[in-house]
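Okay, structure first, notes after.
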Amino acid sequence: MTKAAVIILAGTEGHENLGRLANGLEAATEFAENDEDDLELIFDGAGTQWIPELEDEDSDYHELYQTVKEDTAVCDYCSGAFGVEDAVADSGLVTLDEHDGHPSIRSLVDDDYEVITF
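See below:
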């Protein structure tokens with residue numbers, strides 16, 4: 000069993016960030032498809048800006064996102080800082096705020112997750 004925490008930090012500006020999103024979603028999907036693996040997909044920092052686009056059914060990455068949505072969470076603080084808190088609330092995604100409003104990376108490490116950032 001593998002425990003993976005895929006964290007998407009890349010914002011929505013530029014092709015390189017789109018590539019990071021695509022690679023992060025593909026990596027998360029690979030773990031999600033294996034029933035023996037435990038996946039945490041976290042949108043943090045500027046990565047929270049992707050949620051409104053990924054929730055849009057016309058998005059090129061909507062279908063891929065749907066395959067991992069049940070394993071997805073969002074940084075509570077950052078969703079507010081980047082102005083997407085309403086979209087996150089509408090999405091029904093869990094928000095994480097264990098460490099001063101942010102996800103706790105230390106907790107993931109303590110729980111033996113491999114932390115992979117994009």
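If you use numbering that gives the first Met the number 0, the sequence shown corresponds to residues 0 to 117, in order.
In this text, a Cβ means the ideal position worked out from N, Cα and C, and glycines have one as well.
Test item: CB-CB of residue i and residue j under 9 angstroms
i: D37; j: K2; result: yes
i: V114; j: I7; result: no
i: Y112; j: A4; result: yes
i: L40; j: G18; result: no
i: V87; j: T47; result: yes
i: L92; j: P102; result: no
Neighbourhood of residue i by C-beta distance below 6 angstroms, restricted to the same chain and skipping five residues each side
i: A45; result: G10
Option in the options with minimal Cα separation from residue i
i: Q65; options: A80, A86, A31 and D43; result: A31
i: A27; options: T94, A72 and G91; result: A72
i: F81; options: D43, E69, V67 and R19; result: D43
i: L63; options: L20, N16, G13 and C74; result: L20
Cross-strand partners of residue i (DSSP beta bridge)
i: E113; result: A3
i: L95; result: C74
Close Cβ partners of residue i (< 7 angstroms) along its chain, the five nearest in sequence each way excluded
i: S106; result: E97
i: H61; result: L53 and D55
Own chain partners of residue i with C-beta closer than 8 angstroms, once the 5 adjacent residues on each side are dropped
i: N33; result: T1
Beta carbon proximity, residue i to chain C, threshold 9 angstroms
i: F81; result: The question asks about chain C, but that chain is absent: this structure has only one protein chain.
Task: alpha helix (DSSP H) runs contained entirely in the stretch 14-40, provided each spans 4 or more residues - done: 14-31
- [ ] Entirely within the stretch 56-87 and at least 3 residues each: give me those beta strand (DSSP E) ranges in chain order.
- [x] Segments of the beta strand (DSSP E) lying fully in the stretch 56-87: 71-74.
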